[in-house]
Amino acid sequence: MEVLGIDIGGTGMKGALVDSVTGEMLTKRFRIPTPASRKPKEMAKVVADIVTHFDHKGPIGVGFPTVIKNGVCKSPGNLHKKWLGRNVAELFSEQTGQNVTVVNDADAAGYATVNYGVGKGKEGLLLMITIGTGLGSGAFFNGTLLPNFELGQIPYKKYSKIELWAADSAKERENLSYAQWGKRFNKFLNLVELIVCPDHIILGGGASKDFEAYKKYITIETPVMPAELKNHAGIIGAAAAALQ
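Positions in the sequence shown are counted from 1; adding 15 to them yields the working numbering.
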């Protein structure tokens, strides 16, 4: 079955058709910049534009960069405050005229890695960390999703949340070297290891493709590896979530 997966990020909204059995992307990724306002109406229109681009009629899964509970946004995260309390699934379904499943973006990336990637068959507590505008985190225990592990929200020093200090956006904003940023990211992983003691950590998001450039700065005991699907994990996992 062909499923449309859409991955919404702070800077870009990407989609592709995915084979639900193999997890293979059947089309090239189609990307539209995230509207500067990051408001519901404008972002919903982009979702509709992606659906129209693929002329898709069928299941649609969307990975969304905030806490999602039963389709409702429980925290605006790095988006506009108007998202708080909004039923994202209903909004996107109304805009597209089709049934849309919405999950947290890191949960979506986790679905990809436990169904089709390096996380498949791994037992214990597996964390999927997506590195982008923020630090998303998806948790799976023996392959079952534990929703809304928002570890990027941990307060840190003068910051309201550690992702403001250790996400890829901080590296770009402050023009940090991989050595400087890698040590920050390692601090975040140290806190994660202390708080939840995972068995495996898999990295996704845009910065995962550059893992070789900063892996030597990661010193925690928990095994850390990049997702094989890298920046496509969000799209593939969103498609998988639509069939859960």
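We put the CB at the ideal spot given by N, CA and C, even for glycine.
Coil, strand or helix - residue i by DSSP
i, result
"N102", "strand"
"G249", "helix"
"T116", "strand"
"D225", "helix"
"I83", "strand"
"R53", "coil"
"D22", "strand"
"M58", "helix"
"V239", "strand"
"I65", "helix"
"E17", "strand"
"G76", "strand"
Among the options, the one whose alpha carbon lies nearest that of residue i
i, options, result
"A257", "Y131, A194, V115", "V115"
"C212", "A242, S184, G139, A185", "G139"
"G27", "G112, V33, P80", "P80"
"G125", "N163, A154, L166, H215", "A154"
"S184", "R199, P170, K173", "R199"
"E243", "K230, A254, A253, S223", "S223"
"M40", "G30, I47, P48", "G30"
"P329", "T234, E189, T111, N85", "Shown here, the chain extends from 16 to 259; a query on residue 329 therefore has no answer."
"F156", "T67, P170, K137", "K137"
"I65", "I83, R46, A248, I250", "R46"
"H95", "A194, Q168, R53, K231", "R53"
"R44", "L209, D22, K173", "D22"
"I235", "H247, V207, G151, L32", "V207"
"F107", "V129, T67, K135", "T67"
"G112", "D70, G149, L99, E227", "D70"
"K230", "G249, Y193, S90, W98", "Y193"
"F164", "I83, G134, W98, G100", "I83"
"A182", "W196, K173, Y171", "W196"
Whole-Å CB distance - residue i paired with residue j, under 8 Å assumed
i, j, result
"G219", "T145", "5 Å"
"A127", "A255", "6 Å"
"P50", "V61", "7 Å"
"P55", "V18", "Incorrect: roughly 24 Å between the Cβ atoms, too far for contact."
"G147", "G24", "5 Å"
"G151", "A121", "3 Å"
"Y232", "N201", "5 Å"
Buried or exposed (CB count within 10 angstroms, at least 16 for buried), residue i
i, result
"P238", "exposed"
"S35", "buried"
"L204", "buried"
"H215", "buried"
"N93", "buried"
"P241", "buried"
"Q259", "exposed"
"M143", "buried"
"M16", "exposed"
"A59", "buried"
"S175", "exposed"
"A123", "buried"
"H247", "buried"
"K186", "buried"
Min CB distance residue i to chain C below 8 Å
i, result
"Q113", "The structure shown contains no chain C; it is built from a single protein chain."
Start-to-end residues for the alpha helix (DSSP H) that takes in residue i
i, result
"L32", "No alpha helix (DSSP H) contains L32, which is instead part of the beta strand (DSSP E) from 27-34."
"G3", "Absent from the model: residue 3. The displayed extent of the chain is 16 to 259, so no value can be given."
"R46", "Unbroken run through R46 is the beta strand (DSSP E), 45-48; no alpha helix (DSSP H)."
First and last residue of the uninterrupted beta strand (DSSP E) at residue i
i, result
"G197", "Note, G197: premise wrong, no beta strand (DSSP E); alpha helix (DSSP H) at 193-211."
"L161", "159-161"
"L179", "Per DSSP, L179 belongs to no beta strand (DSSP E); it is in the alpha helix (DSSP H), 178-181."
"L141", "140-146"
"H215", "215-219"
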